[in-house]
Each structure stands twice: as C-alpha cells, then as structure tokens.
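Residue numbers (this note's numbering), protein chains in the order written: chain A, 677 to 982; chain B, 677 to 982; chain C, 677 to 982; chain D, 677 to 982; chain E, 677 to 982.
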C-alpha cells in the first residue's frame with residue numbers, strides 16, 4: 677500500500693534505523709481505523725501481572741480469557757495489542773497476523789514493597805517467535821534502581837534493533853526520588869519522556885501531566901521563558917516538544933477506569949495538545965465487551981479528526 | 677590530507693593504540709575550524725538526560741529538536757558533536773559523515789537522590805553502527821560507587837579500542853567523599869584527570885579548577901614545591917601537566933550558562949594555561965542559534981591564536 | 677563539513693544502510709581533489725600479490741616500499757588507497773587518518789594454473805583495527821568456483837555492514853565459463869556489475885567493456901531494443917545503467933600500463949559515459965613518482981570537469 | 677641464555693605452571709643488574725592513581741611524564757616496571773621489549789572514604805597486547821570487601837595462567853578488621869603473605885613488618901615456640917618462611933619517601949632476612965632522576981651481595 | 677636493556693602492531709650472539725615430521741631426543757629455536773625462558789603423494805602456554821591447495837597478533853603450478869616472499885634463489901629494468917627488496933646437509949646480499965653436537981660482521 681505523506685514524514689524521523697525496524701513502525705501506523713493518520717490507539721493488558729487478576733478482571737469475568745483482549749483490540753480496530761509473555765503466547769497462534777503485537781518485556785507485581793523495579797520477563801527472541809512488531813519496556817525514573825532498568829533496556833534495545841523490531845518505552849516516574857505529586861508533574865513527565873527517547877525508544881508512553889511542577893529549577897525556566905502549561909492541551913504540547921521537538925511518537929496512558937465522558941474529555945485534550953494517541957487498557961477491558969469496543973471507537977474517532 | 681607537525685606530535689603519544697584508533701583521534705584533530713592546530717572545541721548535548729528538557733531547552737525551544745545540535749556544531753565548525761544514544765540516532769542518518777560524532781555511553785538523570793552513578797545507556801556496537809569516532813563516558817571520583825563506574829569503563833574501553841574507536845572520559849569529582857568546594861578544587865581536578873588517563877582515556881574532560889585545595893597532603897606538596905596555582909591559567913597548566921606530563925589531550929567544560937564576556941575570559945585563561953580546548957554545551961545551545969554560533973566561533977578564534 | 681547536493685544524492689541511494697556505513701561512503705566522497713563531486717579516483721596496489729613483485733615493481737624500484745603508495749595516493753589527492761593486509765599494515769600507523777584505506781580482503785596469486793578463485797587473506801576485524809573505511813573483495817563471475825566466492829562475500833558483507841564499514845567489489849569475469857574475449861565483453865561486464873550490486877556491494881569496479889557481445893541472447897536484445905553500444909562512452913553508459921539504473925557507484929579499472937595519452941583518452945571516454953571514476957594502479961605506480969602523481973592529477977582533472 | 681643454578685631452583689618451585697608462565701617468571705629473574713641472582717628490584721608507579729598526581733609527582737615535575745618511569749627503571753637496571761593501564765599504554769610502544777612490564781590490574785583512589793576495595797581497571801588481554809610478563813593485583817586482607825577482591829583475583833589468575841602470564845599480588849592488610857598498628861604487625865604481614873600465596877600468586881609483595889603482634893592467638897604461639905621476631909631481619913625471615921617455607925618469591929615495599937641512609941638500612945635488613953628483593957617507588961621517582969637512579973643502584977648493589 | 681639503533685629501526689617497521697607483538701619481535705632481535713645486530717640465526721627442527729626420524733636423525737642418533745635441539749640452539753647462541761608442537765612440549769618446561777621458541781603451527785609429512793598442503797598441527801593457545809615468542813607457518817605458493825593454506829594462516833595471524841605474538845612464515849614455492857626448477861627460481865622466490873609479507877608475516881623465510889627465471893613476464897621486466905641477478909648476493913638483494921623494500925625481515929634456509937665450506941660460502945653470499953639471517957636445521961643437527969655448534973657459531977660469526 678502507498679503510504680500517506682504523514683506516515684512517510686514520521687518514518688523519516690527514524691532514518692537511522694534499519695528498514696526492518698522502520699517496517700515495524702510502519703505496520704503500527706498503517707493498521708486499524710487510524711491507519712495512515714499518524715495516530716495510534718493501543719490496547720495494553722499487563723494489569724494481570726501488575727495488579728493481579730481480581731483487581732484487573734474481577735468486574736468483567738470474560739476478560740480473564742486472553743483471547744478476549746485480542747478480539748477486543750481487533751473489534752475496536754486498534755493499531756496494536758500489548759501484553760506480557762503469557763497473555764501473548766495464549767493467543768498469538770489463533771490471531772497470528774491479524775493485529776500487530778507488542779511484547780511487554782518487563783513487568784512488576786504489587787506483592788513487594790521494595791523500591792520499584794520491574795523484572796525482565798520475556799526476551800527479544802520471544803517477540804520474534806510470537807510475530808510481534810515491537811518490544812515494550814517500562815522504566816521508573818525516580819527509583820533508586822532506575823539505572824538497572826536503563827541498563828537492561830540498553831541491551832534489549834540493541835538486540836531488538838539488530839533483529840528489526842521497534843522499541844516502545846513506558847516511562848513512569850516513581851520511587852524515592854520523587855514526591856507523590858511529582859510522579860505526574862509536568863516537568864517530570866517531560867523529563868521521563870526525554871529519558872526514554874535518549875535511551876533509543878521509537879515510541880514513548882507517558883501519563884497525562886498535571887500542572888504541578890516538581891523541580892525548583894524547572895519552575896524558574898517556565899517563568900523565565902513563559903511556557904504556557906496551565907491547561908492539559910498546553911502541557912501535552914510541551915511533552916510532545918520534549919520528545920525531540922516532536923520527532924518521536926509519544927502516546928498517553930488513560931490511567932484508572934473512570935466515567936466515559938471523563939475519559940473522552942481527556943482524549944479530546946490530548947488530541948488538542950498534539951498527542952500521537954493513547955494507550956487505553958482498564959477503561960476498555962473493565963467494561964463489557966461491547967461497551968469497551970464502543971468506547972475505544974469513540975476515542976479513535978476523536979484522534980481521527982486530527 | 678597531510679597532517680601538521682602538531683597533529684603528528686599528538687598522535688605519537690598514542691603509539692600503543694591500533695592505527696584504527698589513531699585514525700579516529702586524527703579525525704577529531706583534523707575537522708572544523710581548528711583542524712590541524714591540535715586544539716578542540718566540542719559541542720556536547722547530554723543535558724536533556726542529565727537535567728531534563730525543560731531546564732535544558734526551555735529557554736530556547738528549537739533546541740528540543742535533535743537536528744538543531746548537529747547543525748549548530750556544523751555551522752560553528754566545531755571538531756565534534758557528543759550526545760547520548762537517542763539524540764545521535766535522531767540525526768545520524770541525515771548528517772552521516774558531516775561531523776565526527778561521540779556517543780556518550782553513560783548518563784545520569786537528576787530524579788533520584790542516591791550516591792551519584794551513571795547508567796550505561798549505549799554500547800560500543802551502537803557507536804559503530806552510528807558512525808562515531810569515539811565513545812564518551814563519565815566517571816565520578818569521590819562517589820562511593822566510583823569503582824563500579826571504573827570497572828564498567830574498563831570493559832567498554834577494551835572493546836572500543838579493539839574495534840578501532842577512541843575513548844573520551846568526562847571526569848567529574850562528586851559524591852560523599854568530597855566537600856562541595858572539593859568538587860572543583862585544583863588538587864581534586866588534577867587527580868580526577870589523572871584517574872581518567874590511568875583508566876586508558878585518550879581525551880579527558882574536566883571542569884576549570886578553583887584555587888581551593890581539598891587534601892591536606894596536597895597542600896603540603898604545593899607549598900613545599902612552590903607550585904604556582906593562584907591564577908586559572910596556572911591551575912590549568914598544572915592540570916595539563918597532571919595528564920601524563922602533557923601527553924594526553926585534556927579539555928575543559930564551560931559549566932552553567934553565563935554572560936558572553938565571562939565565558940570568553942574563561943576561555944582566554946584556559947588557552948593561556950595550555951588547555952587543548954573546550955567542551956561548550958549550555959553556553960552554546962541555550963542561546964538563539966545565531967548567537968550560539970557566534971559565541972562558538974569566538975571561542976574557536978581564541979584557541980586558534982594558540 | 678556540509679555536503680554538496682551531489683554527495684547527498686548519492687548517499688540517499690544507501691538509505692537502508694546504517695549511519696555508520698553511510699559515514700564511510702561519505703568519507704570516500706569527501707576526500708581529496710574530487711571531494712564533493714561524486715567522482716572517485718582510487719589507487720589500488722594489490723599487484724604484488726596478484727602478479728608478483730618483479731612484474732609489478734621491477735621497473736620502478738622504490739615502489740617495492742609500501743610507504744611509497746600511501747604517499748603517491750596522498751600527493752595525487754586520490755579519494756582512497758586500496759591494498760592487501762600486508763601493504764596496509766606496513767604503513768597504517770605512519771599514515772593513520774591521512775587517507776581513507778580499503779582493505780582488499782581476498783587475493784589471488786598467479787603461481788597456480790587452477791580455476792581462478794581468490795583466497796580470503798584478511799578479515800573485517802583487520803579493517804577495523806587498521807582504520808579502513810571499506811573492505812574490498814574480488815569475484816570472478818565465469819569461474820567454476822564463483823559460488824564459493826559469492827558465499828564468502830556474503831558473510832564478509834554482513835559483518836562489514838554490522839560494523840559500519842562500506843563494501844567495494846572488484847567484479848572481473850574470468851574462468852572456464854567464458855571465452856577470452858568474453859571477459860571484457862559489454863554484456864558480460866554489465867552482467868558482472870549487476871551481480872556485484874545484487875550481492876550488496878556499495879561500490880563496484882569493472883573493466884572498461886569492449887564492443888564484443890558474448891551471449892547470443894544478449895545480442896538479440898541489443899538489436900531488438902537498439903541499444904547503442906558502438907563507442908566506449910555508450911558502453912560505459914549502459915554499464916552504469918546496469919548498476920541499478922545508476923543508483924550504485926560504478927568505477928572502472930585502467931588495466932595494464934600504457935602510454936599517457938592512451939590512458940587519458942580512455943578516462944575521457946569513461947567520463948563521457950558517466951563513469952563515477954577510476955581505479956588506477958599500474959599506470960600510476962609503474963611510473964616514477966612525479967610522473968605517477970602528474971598522471972593521476974590529469975585523470976582527476978578530467979573527472980572534475982564532470 | 678643458560679640459567680644460573682639459583683634461577684633454575686626458583687623456577688622448580690613453579691613446576692605446576694605452564695612453560696609459558698615459567699618463561700615469564702624467568703624473564704623477571706634474568707633481566708637487569710640482578711639477572712641470575714634470584715633477587716628482584718622492581719619500580720612500581722601506581723601512586724598517580726592511588727594518591728593523585730600532586731602528592732606523587734608534585735615535588736619532581738618531570739615524573740608526571742609516563743616515559744620518565746620507563747627510563748628510570750631502565751637506567752637503574754631494575755628487573756621490571758609496574759604500573760596501571762594508562763601509564764603502561766603511554767610508553768609501551770616506545771619501550772617495547774626493553775624492560776619487563778607488569779600491568780597493575782586493580783587500583784584504588786583516595787577520594788572516597790568507603791571500606792577499602794580496589795577497582796579492576798585493566799584486563800589480562802590488555803597485559804597481552806602491551807607485552808607484559810605479569811599481572812599485578814592488590815588485595816586488602818582485613819577489609820570487609822576482601823572476599824570480593826579475592827574472587828576477582830581468582831578469575832584473573834585463572835585467565836592469566838591460561839595465557840602464559842605470571843601473577844604478582846600486593847598484599848596490604850587494611851580495613852575495619854584491623855587496628856592501625858595491625859596493618860604492619862608481623863603476624864598480620866605473614867598472614868597476608870600466606871593468603872596471597874594460597875590464592876595462587878607467583879610473587880608476593882608485602883610491607884616490612886613491625887614488631888607489633890595483632891592477634892592474641894599469634895602472640896601465644898610466638899611465645900610458646902620462641903620464634904625470634906625482635907629485629908627486622910628476623911621478622912623478614914619469618915615472612916619468607918610464611919610464604920610456603922621459602923618456595924614463593926616474596927618482596928618488600930619501601931613505603932613513603934625518606935632519607936637515603938634510612939632507606940638503605942632497611943634494604944640491608946631486608947636482605948639480611950632473606951628477602952627476594954624490593955619494590956621501590958616513591959623513594960626512587962620522587963627524587964631527581966639521577967638521584968633516583970643512584971639510590972636504586974645502591975639498593976640493587978645490596979641485594980647483589982646476597 | 678636499551679636497544680641498538682638498528683633494533684629500534686627494525687621495530688619501527690612494525691608500528692601498526694601492538695606493543696605486545698613488538699615486544700616479541702624485539703626478543704628475537706635481542707637474544708643470543710647476534711643480539712642487537714638486527715640479524716637472526718634460528719635453529720628449526722621440523723624434519724621429524726616433514727621427512728621422518730630415520731632420514732632426519734638416523735645419522736646422529738642423539739638428535740632423536742628433543743632436549744638435544746634446545747641445547748644445541750642454546751650452546752650455539754642462536755636467536756631462537758623452532759619446532760612442531762611435540763618437540764616443543766617435550767622440552768619447554770625444562771628450558772623455560774632460556775631461548776625464544778617458535779611453534780611451527782602446520783606441518784606436512786611425506787607419506788602421501790597428493791598436492792602439497794600442510795596440516796595445522798598446533799594452535800595459538802599452545803604457543804602461549806609454551807611461552808613462545810612467535811608462531812611459524814608454512815605456505816606452498818604454486819600448490820593447487822595454496823588458498824586453503826593462505827586462509828588458515830589468515831585466521832591464525834589475526835589471533836596471534838591479538839594475543840601479542842609474532843608471525844613467521846616459511847614460504848616454499850611448490851606444487852603443480854611450477855616446474856621443478858621454478859621452485860627456487862629467483863622470480864618465484866621473490867614472489868613467494870612478497871605473498872608472505874602481504875599475508876601479514878613479520879618475518880619471512882625463503883630458500884636461496886637460483887638464477888633461473890620461471891615466468892616469461894618476469895624475464896621481460898628483468899631485461900627491461902636491467903635488474904642484476906647473476907650472483908647469489910644480487911639475487912638475495914632483490915629478494916630483500918621484494919619484502920616491502922627491505923621493511924620486512926627476510927631470512928634464508930640452508931637446505932639439505934652439505935659440506936662445511938659449501939655452507940659457509942652460501943652464508944657469506946647471503947650476508948653480502950643483505951639477508952637478515954638464516955634458518956639452519958639439517959646442517960646443524962645432522963652433525964655431532966660439537967660440530968653442529970661449531971658450524972652455527974661460524975655462521976653467526978659471518979652475520980655478525982654485517
């Protein structure tokens with residue numbers, strides 16, 4: 677298929693990568709309802725590992741079935757589906773080739789209270805044998821153990837790129853170096869996004885930033901340069917800027933499940949701020965299937981307007 | 677191109693290295709406005725990782741774009757451009773071959789309050805595939821974790837040399853072993869430079885040393901041997917001496933952004949003390965492009981006078 | 677240095693390669709008198725191995741010294757110097773960084789009468805430690821042993837590209853599959869060039885083709901399509917076309933030593949046909965140094981006119 | 677060269693080692709003024725790393741130059757020269773083959789106040805490419821981190837022996853397990869020497885022991901067995917005994933710079949006690965070159981008398 | 677020991693090699709009676725493998741004992757002793773460090789009538805564990821199987837150099853590509869020497885060339901350039917020239933055992949022609965020990981006159 681100018685433009689930002697890796701990024705950008713728009717809506721389901729099955733799937737029993745999520749992503753015409761090793765293995769054969777897959781390579785349970793650090797629970801070779809387009813990886817800037825996560829990612833990234841895969845990094849500020857408010861502060865969100873980009877990520881996922889500013893030095897710069905950060909669209913716009921002046925794809929997470937209108941208003945704000953899209957998990961799979969599909973389609977509809 | 681006597685002289689100090697590594701050192705010494713003089717002005721941009729994008733680029737929005745820095749280094753006719761993996765990947769294809777690149781292999785964010793230690797965020801193979809002439813690496817003498825940094829560097833250095841690359845070490849005293857004043861004390865600066873040289877660095881970068889002396893034993897020697905350290909040129913002269921009697925290239929960082937005249941006076945002092953050059957980051961890219969180019973050209977002009 | 681439009685255009689043909697490999701191709705295109713023109717004149721000296729020292733250097737005794745050739749290439753401002761392992765090792769330290777080097781990775785002596793096949797006499801790691809920009813490799817399409825040569829090249833090419841080097845293939849039709857006239861026949865020359873391109877070469881070297889057509893099927897097509905091949909410029913033009921429609925660099929060998937005017941006329945014809953340049957060995961180094969330099973400069977002058 | 681009976685005798689103690697490793701021990705024993713005597717005087721210069729350049733070289737400026745030390749060892753006809761990676765790299769090509777080299781593989785700076793533990797700053801492969809006869813390694817018995825040092829040494833020793841190198845261990849009691857006096861106590865010195873031998877060292881270096889006895893149990897044994905330890909020769913004699921009944925080479929460090937006569941008296945005592953020789957650093961290189969050479973020659977002269 | 681100007685000059689030809697490899701070449705040049713002269717007399721004993729024990733040692737029974745040859749080389753003060761794995765293993769411990777050893781890594785028996793090709797019978801790691809300074813390797817230019825020998829050598833050379841050893845190549849033209857007279861023809865001898873140099877050898881061993889010229893093209897060049905080749909000294913002079921203009925060490929074999937005066941006259945001719953020395957095997961060890969020593973000393977005496 678011939679690509680749209682927008683897709684060609686985005687691919688040009690990754691000219692240092694091999695055609696193989698570029699091909700995988702292109703597959704993400706040319707699948708589903710948003711194909712060709714340069715926008716992405718991805719269904720991620722790592723909450724079974726991160727929060728446990730009861731909290732994640734207890735209110736929507738069929739969502740315990742891994743096939744449920746492949747189908748949800750397909751029915752909603754998402755760009756991709758992301759999950760840890762077990763969930764992907766459980767449906768990768770049945771749905772082979774029907775939707776781009778992203779293997780979440782590290783995950784952290786909530787059964788231990790130590791400084792946050794995810795375990796590497798899958799490998800690049802798993803991603804190849806499951807037919808994935810990308811690996812996913814989470815870093816926790818602000819954790820005392822951040823360096824270990826960065827270093828593991830370094831090795832996985834080198835290998836993934838050598839084998840023609842794309843790299844998606846979830847960058848979630850967390851840990852003893854930050855206040856609770858600081859985890860979603862706009863300066864920290866932008867910083868976390870920047871770190872992921874510097875580590876070689878092709879696509880970065882962050883949380884929608886709040887108006888809080890964590891670092892005194894950042895506050896000074898904001899005032900001096902009069903950077904507008906009062907509204908969510910403004911903050912999103914700066915986070916996109918922080919991702920290499922807009923030359924890296926940055927998408928936003930939806931966070932905990934909430935009311936439909938609340939969700940959609942946030943998406944409208946993200947879109948207004950120039951976000952490349954959203955990762956929507958709990959808000960999609962913690963509703964009954966049809967409602968989940970309907971919500972995802974509304975979200976996709978907003979991004980489609982550009 | 678035939679080399680100047682000065683370049684040949686400098687290369688002779690590295691006779692133990694392979695012709696491949698010598699070739700890369702030669703590339704650094706024969707590029708840009710200072711080609712052939714034995715002097716170096718390098719543009720480093722790792723602040724996005726080290727200080728975050730807001731503090732680094734917030735006052736000069738276009739500097740969020742990685743291509744900005746490639747162009748800045750080229751327009752100012754610097755000898756090289758140094759950055760972490762992501763920033764280099766974002767422009768290496770577009771600017772392939774136009775300016776020598778240095779891949780900063782480790783980096784530290786400022787989101788965690790633990791004892792200072794950088795994470796290894798890139799690899800020697802990344803440097804090869806991006807066409808770099810050298811790897812860059814930061815050590816923090818004075819940190820409790822210094823040994824880990826030295827040992828990681830040992831492995832990267834061995835690999836880099838085997839693959840025909842040069843090694844540049846940023847040596848920044850920091851950590852619980854030093855007072856705040858000690859971080860830039862002249863005895864500590866010279867010591868940090870010596871450590872980098874002993875670890876096998878070809879080029880060492882330190883901060884301009886102050887007149888403070890941190891160690892009592894050093895104070896005794898200075899008095900006994902009447903080593904003149906009152907002025908910055910004198911202190912620079914000793915730091916050059918500390919780098920193997922002048923047989924290793926030592927360059928100086930510019931530090932936080934400041935006024936133009938202040939910057940230039942410091943460069944004149946560095947040059948007067950026999951510095952091999954400067955690494956100028958924030959003072960260059962936190963100004964508008966044309967002003968940044970102009971300042972770099974003035975700095976280069978000072979070093980060109982010798 | 678900023679690149680000319682021509683150099684940028686040529687580099688765009690190699691966009692699938694890593695920035696590292698593109699950097700090396702760029703180095704070849706931006707060195708010496710022809711820097712920036714997209715043209716190349718390379719000095720190759722593998723005749724000591726291929727024909728023996730007496731035949732190669734007996735009429736110009738100083739040419740036995742490996743340093744002679746580094747200096748010849750430098751004095752004539754060639755783009756690069758190509759030689760087997762021993763010749764490069766003998767001068768690589770002394771001339772480190774002064775001229776791009778190409779390590780000829782396979783070579784064939786003329787002491788055995790068996791079917792032609794070169795031995796692999798160097799490695800990609802040798803190329804790295806000697807600071808080379810490219811590996812060189814000879815294939816003999818027409819030899820019964822051609823497949824072994826193609827397969828060895830496949831492995832070396834994969835390794836060279838992974839390590840950020842360029843690949844130059846000498847494609848010389850030879851062996852029991854061809855008549856003596858067929859070795860330089862225009863259809864065979866174009867075929868040999870195409871094979872090198874298909875094997876992944878970035879730069880291809882062939883001999884100037886004669887008007888002879890070896891293959892009956894080729895003859896039919898030439899007549900049917902009325903392809904003009906009567907003159908050398910016409911034949912060169914077709915060979916350039918055969919190299920991926922002009923999207924691969926193809927340069928021509930000079931062959932046995934001959935009179936100056938004869939050499940220059942051939943160069944004019946090659947240039948008129950759109951050749952990217954020449955590899956000139958015996959005609960350069962079998963003359964006294966000053967005459968060799970003068971001839972190379974005249975050749976370079978012709979290509980510089982474009 | 678045919679060996680003396682003494683050299684043959686010493687080599688017989690290392691019959692379990694490969695001929696390669698024995699060859700390197702032999703090179704140490706057959707070089708310089710003491711060749712053939714079974715005695716060794718080695719110049720070590722790791723103080724640039726261990727104490728910093730100011731304290732080490734500030735009172736003798738030319739000693740900042742790494743070539744100074746190669747020359748000093750040569751002029752004084754020492755058996756070998758030992759230094760960290762950087763100092764050896766800086767002169768190994770220029771002095772290749774002129775004097776046996778020992779690569780100090782771990783080193784510790786004095787910029788951090790943590791429990792003593794040296795960083796591994798070089799590798800066995802570095803020792804091979806620099807043409808060294810042996811690796812050197814420091815252990816700190818008494819440190820909480822001693823086991824890590826012993827375990828790193830285990831791996832380096834295994835590798836060094838497999839590649840035909842000799843192993844020299846600096847054994848310096850230090851750390852929270854010992855009193856300050858205990859660091860040089862005779863029981864501890866002998867214990868530290870024993871540990872080095874048990875770890876597989878071919879040559880052990882310790883400090884001249886004092887009459888202090890650190891461990892109560894040791895004191896009891898000394899009294900019961902009436903072991904004479906009142907004089908330095910007596911204590912040295914016991915330390916030699918502690919090194920496998922005299923079947924391992926044990927040499928002694930000179931410590932901080934002091935007056936010439938003081939140094940020489942200590943050497944006479946060491947020699948009287950049966951020491952195999954000395955490692956003399958600061959007392960040699962902190963004097964002007966000619967005085968350093970003269971002192972080393974006097975020291976060598978004492979050992980030559982046997 | 678400080679080196680003579682001649683030794684320093686020779687080492688400068690190998691500046692591309694690591695200090696480790698340079699150290700080994702230096703050991704060859706600074707051992708034995710010819711130490712410092714730049715000349716070499718080496719005892720090689722591979723005839724047990726190549727010709728069988730009866731032909732090799734039957735006329736001098738004690739020469740069956742491997743220790744005999746170590747002692748012979750030592751007593752005659754040769755620069756080195758070269759032999760296959762078994763012979764070296766049988767004496768390497770007993771003579772560790774007493775004389776530089778060269779491990780002949782490939783050997784060919786005379787029990788099969790196939791096209792000549794030696795088997796690889798030892799490894800670089802064997803050379804390290806036996807304490808050798810160099811590996812030795814034989815190539816047969818002219819053999820149909822030459823390429824296999826060149827390619828095996830390529831790998832061994834790369835490994836030997838990486839591990840700090842020197843490489844010595846025996847280059848013996850032989851096989852179906854040559855007439856019997858051609859095996860020692862002057863053009864072929866020079867060609868064979870050149871091939872060894874191009875393959876990366878540090879030292880080349882060839883047979884004394886006869887006045888026969890094998891190749892018609894070579895004959896033409898000799899006549900045209902009036903190269904004097906009538907006498908053995910003239911032919912030796914050209915072969916030295918063929919080895920990179922005299923920048924590689926080339927030594928000559930003695931061939932079958934013959935009368936003392938005949939041997940010495942040949943050595944005088946070699947020396948007059950500028951040979952770097954001789955490898956003398958059968959003429960040394962097929963005489964009784966004292967006569968062998970005496971002959972070697974006479975040979976050494978001739979080279980010592982320069």
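Built from N, CA and C at the ideal position, the CB exists for glycine as well.
This one's a predicted model, so the numbers in the text were calculated from it and none came from an experiment.
Any C-beta of chain B under 8 Å from that of residue 792(D): Against the fourth chain, residue 792(D) aligns to sequence position 116. Not one chain B Cβ lies under 8 Å of residue 792(D).
Cβ pair residue 928(C), residue 951(C) closer than 8 Å: Taking the third chain and counting its residues from 1, the one referred to as residue 928(C) is at position 252. Taking the third chain and counting its residues from 1, the one referred to as residue 951(C) is at position 275. A contact, by the Cβ cut-off of 8 Å.
Starting from the beta carbon of residue 823(D), find every residue of chain B whose beta carbon is closer than 7 Å, and list them in chain order. As a working note, residue 823(D) is residue 147 in the fourth chain. For residue 823(D), no chain B residue has a Cβ inside 7 Å of its Cβ, as the nearest lies near 15 Å away.
Within 8 Å of any Cβ in chain E, is that where the Cβ of residue 855(B) sits? The sequence position of residue 855(B) within the second chain is 179, counting from 1. Not an interface residue.
Unbroken alpha helix (DSSP H) run spanning residue 953(D), endpoints: Here residue 953(D) refers to the residue found at position 277 when the fourth chain is read from its first residue. Counted as a single uninterrupted DSSP element, the stretch harbouring residue 953(D) is not any alpha helix (DSSP H) but the beta strand (DSSP E) occupying residues 953 to 955.
Going by DSSP in three states, residue 912(A) sits in which element: helix, strand or coil? As a position in the first chain, residue 912(A) is number 236, starting the count at 1. Three-state result, residue 912(A): helix.
Under 8 Å by beta carbon: chain B residues contacting residue 801(A): Stepping through the first chain from its first residue, residue 801(A) is reached at position 125. Neighbours of residue 801(A) on chain B: none; closest Cβ ~18 Å, over 8 Å.
Have a look at residue 878(C) and residue 693(D) and give me their C-alpha separation to the nearest angstrom. As a position in the third chain, residue 878(C) is number 202, starting the count at 1. As a position in the fourth chain, residue 693(D) is number 17, starting the count at 1. Roughly 51 Å separates the two Cα atoms.
So with Cβ pairs under 8 Å, would you call residue 920(A) a contact of chain B? Residue mapping note: residue 920(A) aligns to position 244 of the first chain, counting from 1. Among the residues facing chain B, residue 920(A) is included, as its CB has a counterpart in that chain under 8 Å away.
Indicate whether at least one CB of chain D lies closer than 8 Å to the CB of residue 750(E). Within the fifth chain, residue 750(E) is the residue found at index 74, counting from 1. It does; some Cβ of chain D falls within 8 Å.
Pairs of beta-carbons, one from the stretch 964 to 973 of chain D and one from the stretch 742 to 753 of chain D, closer than 8 Å: are there three or more? Put simply, the stretch 964 to 973 of chain D touches the stretch 742 to 753 of chain D. At least three CB pairs are less than 8 Å apart.
Taking only beta-carbon positions, decide if residue 691(C) is within less than 8 Å of chain A. Numbered from 1 along the third chain, position 15 holds the residue referred to as residue 691(C). Using beta-carbon distances, residue 691(C) counts as an interface residue toward chain A, with a partner under 8 Å.
Reference residue 787(A); option with closest CA among 855(A), 729(A) and 964(A): Counting from 1 along the first chain, the entry for residue 787(A) is found at position 111. Of the listed residues, the one whose Cα sits closest to residue 787(A) is 729(A).
Using the C-alpha atoms, what's the distance from residue 785(D) back to residue 904(D)? Here residue 904(D) corresponds to residue number 228 of the fourth chain, with the count starting at 1. Here residue 785(D) corresponds to residue number 109 of the fourth chain, with the count starting at 1. Going from the Cα of residue 904(D) to the Cα of residue 785(D) covers about 37 Å.
Among 908(A), 710(A) and 714(A), which one has its Cα closest to the Cα of residue 945(A)? Position 269 of the first chain, counting from 1, holds the residue named residue 945(A). Minimum Cα distance to residue 945(A) is reached at 908(A).
Distance CB(residue 847(C))-CB(residue 872(C)) smaller than 8 Å: Here residue 847(C) refers to the residue found at position 171 of the third chain. Here residue 872(C) refers to the residue found at position 196 of the third chain. Note that the C-beta distance between residue 847(C) and residue 872(C) is below 8 Å.
Nearest to residue 836(E) (by Cα), restricted to the options 778(E), 883(E) and 864(E): As a position in the fifth chain, residue 836(E) is number 160, starting the count at 1. Out of 778(E), 883(E) and 864(E), 778(E) has the C-alpha closest to the C-alpha of residue 836(E).
Amino acids of chain C, ordered along the chain, whose beta-carbon sits closer than 9 Å to that of residue 680(B): For the purposes of this step, residue 680(B) is taken as residue 4 along the second chain, with counting starting at 1. Under the 9 Å cutoff, chain C gives no residues; its nearest Cβ is about 11 Å from residue 680(B).
Residues in the stretch 881 to 904 of chain E with C-beta within 7 Å of chain C's C-beta atoms, listed in sequence order? Residues of the stretch 881 to 904 of chain E whose Cβ lies closer than 7 Å to any Cβ of chain C, in chain order: 893, 894, 897, 898, 900, 901 and 903.
Answer yes or no: do residue 922(B) and residue 957(B) have a C-beta to C-beta separation smaller than 8 Å? For the purposes of this step, residue 922(B) is taken as residue 246 along the second chain, with counting starting at 1. For the purposes of this step, residue 957(B) is taken as residue 281 along the second chain, with counting starting at 1. Their beta carbons are not under 8 Å apart, which means residue 922(B) does not touch residue 957(B) by this criterion.
Taking all protein chains shown into account, decide if residue 716(D) is buried (16 or more other Cβ within 10 angstroms of its Cβ) or exposed. By one-based count along the fourth chain, residue 716(D) stands at place 40. By the 10 Å Cβ count, residue 716(D) comes out buried.
Please go through the same chain and pick out, in chain order, the residues whose beta-carbon is closer than 7 Å to the beta-carbon of residue 772(E), but skip the five residues on each side of it. As a working note, residue 772(E) is residue 96 in the fifth chain. Excluding its 5 nearest sequence neighbours in each direction, residue 772(E) has C-beta neighbours in its own chain below 7 Å: 807, listed in chain order.
Contact between the stretch 719 to 727 of chain B and the stretch 887 to 903 of chain B is defined here as three or more beta-carbon pairs at a separation below 8 Å; is this criterion met? Touching, no, given that fewer than three Cβ pairs across the two stretches are closer than 8 Å.
Note the first and the last residue of the continuous alpha helix (DSSP H) segment covering residue 695(E). Locating residue 695(E) in the fifth chain gives position 19, where the first residue counts as 1. 695 to 705 is the extent of the alpha helix (DSSP H) around residue 695(E).
Please confirm if residue 941(D) has its CB atom under 8 Å from at least one CB of chain E. Here residue 941(D) refers to the residue found at position 265 when the fourth chain is read from its first residue. Output row for residue 941(D): interface = no.
For residue 959(B) versus residue 979(B), is the C-beta distance shorter than 8 Å? Here residue 959(B) corresponds to residue number 283 of the second chain, with the count starting at 1. Here residue 979(B) corresponds to residue number 303 of the second chain, with the count starting at 1. No; because the gap between Cβ atoms is not below 8 Å, this pair is not in contact.
When the Cα atoms are used, what is the spatial distance from residue 762(A) to residue 696(C)? Working through the first chain from its first residue, we reach residue 762(A) at position 86. Working through the third chain from its first residue, we reach residue 696(C) at position 20. Distance between the alpha carbons of residue 762(A) and residue 696(C): 38 Å.
Using DSSP with H/G/I as helix, E/B as strand and the rest coil, what is residue 775(C)? In the third chain, the residue the question calls residue 775(C) occupies position 99. Of the three classes helix, strand and coil, the one that applies to residue 775(C) here is coil, per DSSP.
The stretch 882 to 896 of chain D in contact with the stretch 855 to 865 of chain D per 3-pair CB rule at 8 Å: With a cut-off of 8 Å on Cβ pairs, the stretch 882 to 896 of chain D is in contact with the stretch 855 to 865 of chain D, counting three or more such pairs.
Out of 792(C), 780(C) and 831(C), which has the shortest C-alpha to C-alpha gap to residue 813(C)? Here residue 813(C) corresponds to residue number 137 of the third chain, with the count starting at 1. Closest in C-alpha terms to residue 813(C), from the list 792(C), 780(C) and 831(C), comes 780(C).
Pull up the CB-CB distance for residue 852(E) and residue 791(E), whole angstroms please, since I reckon it's below 8 Å. Along the fifth chain, one-based indexing puts residue 852(E) at 176. Along the fifth chain, one-based indexing puts residue 791(E) at 115. Beta-carbon to beta-carbon, residue 852(E) and residue 791(E) are separated by about 6 Å, close enough to satisfy the 8 Å threshold.
Judging by CA-CA distance, which residue of 689(B), 735(B), 844(B) and 741(B) is the nearest neighbour of residue 689(A)? Along the first chain, read from residue 1 onward, the residue named residue 689(A) stands at position 13. Looking at the Cα atoms, 741(B) is the closest of the given residues.
For residue 654(A), I'd like the list of residues in its chain whose CB is within less than 8 Å of its CB, leaving aside the five on either flank, ordered along the chain. Past the boundaries of the shown model lies residue 654(A); chain A is included only from 677 to 982, so the question cannot be answered.
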